[in-house]
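Residue numbers (the UniProt record's numbering): 1 to 227. Each residue gets a CB set at the ideal place from its N, CA and C atoms; glycine is no exception. Following: one structure in C-alpha coordinates, then a few remarks.
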Amino acid sequence: MIETPSPNFGERMLPITMIVLHYTGMTDSASAIARLTDPAAQVSAHYLVDEDGTIHRMVAEDKRAWHAGRSHWRGITDVNSASIGIELVNPGHEWGYRAFPDAQIDALIPLVHAIKDRHQITRGNVVGHSDIAPVRKQDPGELFPWNRLARLRLALPRPTRNLMDPGWSDAGFLLALERFGYDVADATAAVTAFQRRFRPEMVDGVIDGECRMLLLALLLPKPQGDD
(Lines of atoms letter the chains of each structure in order from A and count residues from 1; the text may use other names and numbers.)
(Lines give C-alpha, C1' and ligand atoms only; values in the text may rest on other atoms or scores of the structure.)
Protein backbone atom coordinates (compact mmCIF):
# COMPACT_ATOMS: atom_id res chain seq x y z
CA MET A 1 0.00 0.00 0.00
CA ILE A 2 1.35 3.40 -1.03
CA GLU A 3 0.80 6.37 1.25
CA THR A 4 -0.54 9.18 -0.96
CA PRO A 5 -2.02 11.65 1.51
CA SER A 6 -4.74 14.08 0.54
CA PRO A 7 -5.30 17.32 2.46
CA ASN A 8 -9.03 17.10 1.71
CA PHE A 9 -10.75 15.73 4.79
CA GLY A 10 -12.57 16.73 7.94
CA GLU A 11 -13.88 15.29 11.18
CA ARG A 12 -16.52 12.57 11.23
CA MET A 13 -19.90 13.27 12.76
CA LEU A 14 -21.24 9.70 12.52
CA PRO A 15 -19.93 6.16 13.12
CA ILE A 16 -18.68 4.26 10.08
CA THR A 17 -21.44 2.03 8.72
CA MET A 18 -20.90 2.05 4.96
CA ILE A 19 -18.40 1.43 2.17
CA VAL A 20 -18.95 3.39 -1.05
CA LEU A 21 -17.31 2.24 -4.28
CA HIS A 22 -16.57 4.70 -7.09
CA TYR A 23 -14.77 4.85 -10.37
CA THR A 24 -12.45 7.80 -10.91
CA GLY A 25 -13.97 8.80 -14.25
CA MET A 26 -10.69 10.30 -15.44
CA THR A 27 -8.33 9.40 -18.26
CA ASP A 28 -5.63 7.83 -16.08
CA SER A 29 -4.56 7.21 -12.50
CA ALA A 30 -2.11 10.13 -12.40
CA SER A 31 -4.90 12.57 -13.25
CA ALA A 32 -7.17 11.03 -10.63
CA ILE A 33 -4.52 11.16 -7.91
CA ALA A 34 -3.69 14.76 -8.80
CA ARG A 35 -7.34 15.76 -8.43
CA LEU A 36 -7.92 13.80 -5.22
CA THR A 37 -4.91 15.50 -3.60
CA ASP A 38 -5.55 19.01 -4.91
CA PRO A 39 -6.84 21.32 -2.14
CA ALA A 40 -8.71 23.40 -4.71
CA ALA A 41 -10.68 20.39 -5.94
CA GLN A 42 -12.14 19.68 -2.49
CA VAL A 43 -12.59 15.98 -3.24
CA SER A 44 -10.87 12.92 -1.82
CA ALA A 45 -11.28 9.26 -0.94
CA HIS A 46 -9.83 7.01 1.72
CA TYR A 47 -8.32 4.64 -0.85
CA LEU A 48 -7.63 4.49 -4.57
CA VAL A 49 -7.11 1.15 -6.32
CA ASP A 50 -5.21 1.33 -9.61
CA GLU A 51 -5.87 -1.01 -12.52
CA ASP A 52 -2.67 -2.95 -11.77
CA GLY A 53 -3.81 -3.56 -8.18
CA THR A 54 -1.72 -0.87 -6.51
CA ILE A 55 -3.55 0.62 -3.52
CA HIS A 56 -3.06 4.22 -2.45
CA ARG A 57 -4.11 5.25 1.05
CA MET A 58 -5.17 8.90 0.85
CA VAL A 59 -7.21 9.69 3.98
CA ALA A 60 -7.13 7.96 7.37
CA GLU A 61 -10.25 5.93 8.06
CA ASP A 62 -11.09 7.90 11.19
CA LYS A 63 -11.38 11.07 9.09
CA ARG A 64 -14.23 12.22 6.85
CA ALA A 65 -13.13 12.07 3.21
CA TRP A 66 -15.04 14.05 0.58
CA HIS A 67 -16.17 11.42 -1.91
CA ALA A 68 -19.95 11.07 -1.64
CA GLY A 69 -21.17 14.60 -2.20
CA ARG A 70 -24.91 15.20 -1.97
CA SER A 71 -26.19 11.70 -1.25
CA HIS A 72 -28.60 9.54 0.71
CA TRP A 73 -28.71 5.93 1.85
CA ARG A 74 -31.09 4.31 4.35
CA GLY A 75 -31.92 7.60 6.00
CA ILE A 76 -28.33 8.89 6.15
CA THR A 77 -27.71 12.13 4.30
CA ASP A 78 -24.17 12.83 5.57
CA VAL A 79 -22.78 9.77 3.80
CA ASN A 80 -19.24 11.15 3.94
CA SER A 81 -19.36 11.02 7.74
CA ALA A 82 -20.72 7.46 7.77
CA SER A 83 -18.61 5.83 5.07
CA ILE A 84 -15.26 4.72 3.73
CA GLY A 85 -14.79 5.80 0.11
CA ILE A 86 -12.82 3.68 -2.36
CA GLU A 87 -11.99 4.97 -5.84
CA LEU A 88 -11.26 2.49 -8.63
CA VAL A 89 -9.22 3.80 -11.53
CA ASN A 90 -11.45 3.58 -14.61
CA PRO A 91 -12.16 6.22 -17.28
CA GLY A 92 -15.88 5.84 -16.69
CA HIS A 93 -18.74 6.46 -19.06
CA GLU A 94 -17.35 9.81 -20.22
CA TRP A 95 -13.85 8.68 -21.22
CA GLY A 96 -14.28 5.09 -22.44
CA TYR A 97 -15.85 2.90 -19.76
CA ARG A 98 -14.29 -0.55 -19.64
CA ALA A 99 -14.24 -3.70 -17.56
CA PHE A 100 -12.33 -3.64 -14.29
CA PRO A 101 -9.14 -5.75 -14.59
CA ASP A 102 -8.79 -8.88 -12.45
CA ALA A 103 -5.70 -7.43 -10.75
CA GLN A 104 -7.72 -4.42 -9.62
CA ILE A 105 -10.57 -6.51 -8.20
CA ASP A 106 -8.11 -8.98 -6.65
CA ALA A 107 -6.66 -6.04 -4.70
CA LEU A 108 -10.05 -4.54 -3.88
CA ILE A 109 -11.50 -7.70 -2.33
CA PRO A 110 -9.13 -8.01 0.67
CA LEU A 111 -9.34 -4.24 1.18
CA VAL A 112 -13.15 -4.35 1.39
CA HIS A 113 -12.98 -7.47 3.58
CA ALA A 114 -10.66 -5.77 6.06
CA ILE A 115 -12.71 -2.56 6.21
CA LYS A 116 -15.98 -4.46 6.51
CA ASP A 117 -14.65 -6.55 9.40
CA ARG A 118 -12.95 -3.63 11.12
CA HIS A 119 -16.14 -1.58 11.25
CA GLN A 120 -18.73 -4.38 11.30
CA ILE A 121 -20.36 -3.13 8.09
CA THR A 122 -23.25 -5.18 6.73
CA ARG A 123 -23.35 -6.37 3.13
CA GLY A 124 -26.35 -4.13 2.44
CA ASN A 125 -24.22 -1.09 3.22
CA VAL A 126 -21.50 -1.90 0.68
CA VAL A 127 -22.82 0.25 -2.14
CA GLY A 128 -21.94 2.09 -5.31
CA HIS A 129 -21.87 5.85 -5.78
CA SER A 130 -24.90 5.56 -8.05
CA ASP A 131 -26.86 3.88 -5.25
CA ILE A 132 -26.42 6.84 -2.92
CA ALA A 133 -26.66 9.58 -5.58
CA PRO A 134 -28.81 8.15 -8.40
CA VAL A 135 -29.57 11.49 -10.04
CA ARG A 136 -25.93 12.56 -10.28
CA LYS A 137 -23.82 9.43 -10.59
CA GLN A 138 -23.43 6.20 -12.61
CA ASP A 139 -20.36 4.70 -10.94
CA PRO A 140 -18.98 2.16 -10.50
CA GLY A 141 -21.39 1.20 -13.27
CA GLU A 142 -22.90 -1.86 -14.86
CA LEU A 143 -19.52 -3.48 -15.61
CA PHE A 144 -18.47 -3.61 -11.97
CA PRO A 145 -18.31 -7.28 -10.86
CA TRP A 146 -20.55 -7.14 -7.80
CA ASN A 147 -20.96 -10.91 -8.11
CA ARG A 148 -17.31 -11.45 -7.16
CA LEU A 149 -17.78 -9.52 -3.94
CA ALA A 150 -21.13 -11.15 -3.26
CA ARG A 151 -19.70 -14.67 -3.52
CA LEU A 152 -17.37 -13.74 -0.65
CA ARG A 153 -20.20 -12.14 1.36
CA LEU A 154 -18.73 -8.69 0.84
CA ALA A 155 -21.83 -7.29 -0.89
CA LEU A 156 -25.43 -8.30 -1.48
CA PRO A 157 -25.86 -10.83 -4.28
CA ARG A 158 -28.33 -10.51 -7.08
CA PRO A 159 -31.35 -12.45 -5.78
CA THR A 160 -31.90 -15.89 -7.29
CA ARG A 161 -35.09 -16.85 -5.44
CA ASN A 162 -37.84 -18.04 -7.76
CA LEU A 163 -40.57 -15.61 -6.70
CA MET A 164 -43.79 -14.52 -8.30
CA ASP A 165 -44.19 -10.94 -9.47
CA PRO A 166 -45.82 -9.18 -6.49
CA GLY A 167 -47.71 -6.95 -8.90
CA TRP A 168 -46.93 -3.70 -7.14
CA SER A 169 -48.01 -0.47 -8.79
CA ASP A 170 -45.17 1.85 -9.76
CA ALA A 171 -45.89 3.88 -6.63
CA GLY A 172 -45.77 0.69 -4.56
CA PHE A 173 -42.45 -0.29 -6.10
CA LEU A 174 -40.97 3.11 -5.31
CA LEU A 175 -42.20 2.88 -1.73
CA ALA A 176 -40.48 -0.51 -1.42
CA LEU A 177 -37.33 0.84 -3.08
CA GLU A 178 -37.22 3.70 -0.57
CA ARG A 179 -37.64 1.18 2.23
CA PHE A 180 -34.66 -0.74 0.86
CA GLY A 181 -32.53 2.39 1.01
CA TYR A 182 -32.72 4.48 -2.16
CA ASP A 183 -33.66 8.13 -2.49
CA VAL A 184 -36.67 7.96 -4.84
CA ALA A 185 -37.28 11.70 -5.29
CA ASP A 186 -36.40 11.17 -8.97
CA ALA A 187 -38.20 7.92 -9.75
CA THR A 188 -36.50 7.14 -13.05
CA ALA A 189 -33.03 7.81 -11.64
CA ALA A 190 -33.72 5.60 -8.61
CA VAL A 191 -34.99 2.71 -10.76
CA THR A 192 -32.02 3.09 -13.10
CA ALA A 193 -29.59 2.94 -10.17
CA PHE A 194 -31.33 -0.15 -8.81
CA GLN A 195 -31.10 -1.86 -12.20
CA ARG A 196 -27.46 -0.88 -12.65
CA ARG A 197 -26.72 -2.60 -9.34
CA PHE A 198 -28.98 -5.66 -9.49
CA ARG A 199 -29.82 -6.12 -13.20
CA PRO A 200 -26.94 -4.59 -15.16
CA GLU A 201 -27.74 -6.35 -18.43
CA MET A 202 -30.80 -4.12 -18.96
CA VAL A 203 -30.70 -0.63 -17.51
CA ASP A 204 -33.66 1.30 -18.88
CA GLY A 205 -35.28 2.96 -15.86
CA VAL A 206 -38.55 1.13 -16.45
CA ILE A 207 -40.24 -0.75 -13.60
CA ASP A 208 -41.12 -4.24 -14.79
CA GLY A 209 -41.92 -7.64 -13.32
CA GLU A 210 -38.29 -8.66 -12.96
CA CYS A 211 -37.47 -5.48 -11.05
CA ARG A 212 -40.39 -6.11 -8.72
CA MET A 213 -39.32 -9.72 -8.09
CA LEU A 214 -35.69 -8.71 -7.45
CA LEU A 215 -36.68 -6.03 -4.98
CA LEU A 216 -39.14 -8.31 -3.20
CA ALA A 217 -36.40 -10.91 -2.74
CA LEU A 218 -34.06 -8.28 -1.33
CA LEU A 219 -36.68 -7.15 1.18
CA LEU A 220 -37.72 -10.59 2.39
CA PRO A 221 -36.26 -11.70 5.72
CA LYS A 222 -32.85 -13.34 5.41
CA PRO A 223 -31.87 -16.57 7.18
CA GLN A 224 -30.68 -16.03 10.75
CA GLY A 225 -27.14 -14.72 10.85
CA ASP A 226 -27.26 -13.48 7.24
CA ASP A 227 -26.57 -9.74 7.17
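Proximal residues to arginine 98 (C-beta, below 8 Å), its chain only, five neighbours per side dropped = Result list for arginine 98: Asn90, Pro91 and Leu143, in chain order.
request  = Assign valine 49 to one of two classes, buried (16 or more other C-beta atoms within 10 Å of its C-beta) or exposed (fewer than that).
outcome  = Residue burial is scored here from C-beta neighbours: valine 49 has at least 16 other C-beta atoms within 10 angstroms and is therefore classed as buried.
ask   = Can you give the Cα-Cα distance for leucine 177 and proline 39, rounded to whole angstroms?
value = The straight-line gap from Cα to Cα measures roughly 37 Å.
message = Quick check: what's the CA-CA separation for serine 130 versus histidine 67?
response = The straight-line gap from Cα to Cα measures roughly 12 Å.
key: Delimiting residues of the beta strand (DSSP E) encompassing valine 20   = Unbroken beta strand (DSSP E) run through valine 20: 18-23.
request  = Can you give me the start and stop residues for the alpha helix (DSSP H) that isoleucine 115 sits inside?
outcome  = Where isoleucine 115 is concerned, the enclosing alpha helix (DSSP H) stretches over 102-119.
message = Between the alpha carbons of threonine 77 and serine 71, how many angstroms are there, rounded?
response = Going by the C-alpha atoms only, they are around 6 Å apart.
key: Range covered by the beta strand (DSSP E) that runs through valine 49   = Residues 47-49.
message = Quick check on the DSSP output: the beta strand (DSSP E) that includes glutamate 201 runs from which residue to which?
response = Judged by DSSP secondary structure, glutamate 201 falls outside any beta strand (DSSP E); it is assigned neither H nor E.
ask   = Between which two residues does the beta strand (DSSP E) containing leucine 88 stretch?
value = Residue range 83-88 is occupied by the beta strand (DSSP E) that includes leucine 88.
query = What are the residues that DSSP puts in a beta bridge with arginine 57?
reply = Note: arginine 57 sits in a beta bridge opposite Glu3 and Tyr47.
ask   = Skipping 5 residues on each side, what residues in its chain have a beta carbon closer than 6 Å to that of alanine 82?
value = Within the same chain, and ignoring the five residues on either side of alanine 82 in sequence, the residues whose Cβ sits closer than 6 Å to its Cβ are Leu14, Thr17, Met18 and Ile76.
key: Residue from Thr24, Met1, Tyr47 and Leu21 with nearest C-alpha to phenylalanine 9   = When Thr24, Met1, Tyr47 and Leu21 are compared, the shortest CA-CA separation from phenylalanine 9 is found for Tyr47.
request  = Express the C-alpha separation of alanine 217 and leucine 174 in angstroms, rounding to a whole number.
outcome  = If you take the alpha carbons of leucine 174 and alanine 217, they lie about 15 Å apart.
Assigned secondary structure, arginine 151 (DSSP; H/G/I helix, E/B strand, else coil) = Helix at arginine 151.
Reduced DSSP secondary structure (H/G/I, E/B, other) of cysteine 211 = Three-state result, cysteine 211: helix.
inquiry  = Using 8 Å as the threshold, is the C-beta distance between aspartate 186 and valine 135 below it?
reply    = Yes.
ask   = Between arginine 153 and the rest of its own chain, which residues show a CB-CB distance below 7 Å, the 5 nearest in sequence each way excluded?
value = Listed in chain order, the non-local C-beta contacts of arginine 153 below 7 Å within the same chain comprise Arg123, local neighbours out to five positions each way being set aside.
Delimiting residues of the alpha helix (DSSP H) encompassing phenylalanine 180 = Boundaries of the alpha helix (DSSP H) harbouring phenylalanine 180: 170-180, taken from the DSSP string.
ask   = Is the Cβ-Cβ distance between isoleucine 132 and valine 79 less than 8 Å?
value = Contact annotation: isoleucine 132 and valine 79 have beta-carbon atoms nearer than 8 Å.
ask   = First and last residue of the beta strand (DSSP E) that includes glycine 128?
value = It spans 126-128 - the beta strand (DSSP E) in which glycine 128 sits, taken as one unbroken run.
request  = Out of Ile121, Tyr23, Gly205 and Ile109, state which residue places its alpha-carbon closest to the alpha-carbon of arginine 148.
outcome  = It is Ile109 whose Cα lies nearest to the Cα of arginine 148.
message = According to DSSP, simplified to helix, strand and coil, what is glutamate 11?
response = Looking at glutamate 11 - three-state DSSP - the assignment turns out to be strand.
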